[in-house]
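Residue numbers (full-length UniProt numbering): 1 to 187.
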């Protein structure tokens, strides 16, 4: 993924039509894009329209107990779901039509898509997590801003949602993004 973060250039973000913005989130079997797989993909437009909300059947994992406790996604739930390979064309098409891609911890999700052969488009990117860190104002022992979970960002902006469902997370991240566009401290 091209490492682009335009938090300091709000004018470029405001010029992107909401219908050309996509916010996405994934749920995965674990944290390693080299070893783990995608379990759910959700994509919403900048207008909040659901473009995709799809469970994905892993091809290499039969179980994912730790992730299952967090996401609630069971092997039975994805037994008849398409594989990421079957969904790749549709996902790629939606990304390619975008002028702005938004997400929470965007590089994490982008690595999983790229591991599945889905290219991130050459466009603007906005990582809500990175932009929220200075707003939260919490620092680590080295003095750097700490990455905060989406639940804390959502709470800050008054967003109520059910965490660890890709569609809920994508909608929450999009709502926080819109709030940040109105919040001059964020950008």
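The beta-carbon is built from N, C-alpha and C at its ideal position, and this holds for glycine as well.
Item, Value
"Measuring only the C-alpha atoms, how far is residue 44 from residue 87?", "16 Å"
"When the Cα of residue 91 is compared with those of 167, 59, 42, 106, which residue comes out closest?", "42"
"Can you tell me whether residue 169 is helix, strand or coil according to DSSP?", "helix"
"Might you give, ordered along the chain, the residues of its own chain that have their beta carbon closer than 6 Å to the beta carbon of residue 113, omitting 5 neighbours on each side?", "none"
"Compare the beta carbon distance of residue 127 and residue 144 with 9 Å and say whether it is the shorter of the two.", "no"
"Apart from the five residues on each side of it in sequence, which residues of its chain come closer than 6 Å, Cβ to Cβ, to residue 36?", "28, 29, 30"
"Per DSSP, residue 161 is paired with what?", "The partner list for residue 161 (beta bridge, DSSP) is empty, contrary to what the question assumes."
"Compare the beta carbon distance of residue 23 and residue 163 with 9 Å and say whether it is the shorter of the two.", "no"
"Does the contact criterion of 3 or more C-beta pairs under 8 Å hold for the segment 95 to 102 versus the segment 121 to 138?", "yes"
"At the level of alpha carbons, what is the spacing between residue 134 and residue 80?", "43 Å"
"Any idea if residue 57 is buried or exposed, counting beta-carbon neighbours within 10 angstroms, 16 or more meaning buried?", "buried"
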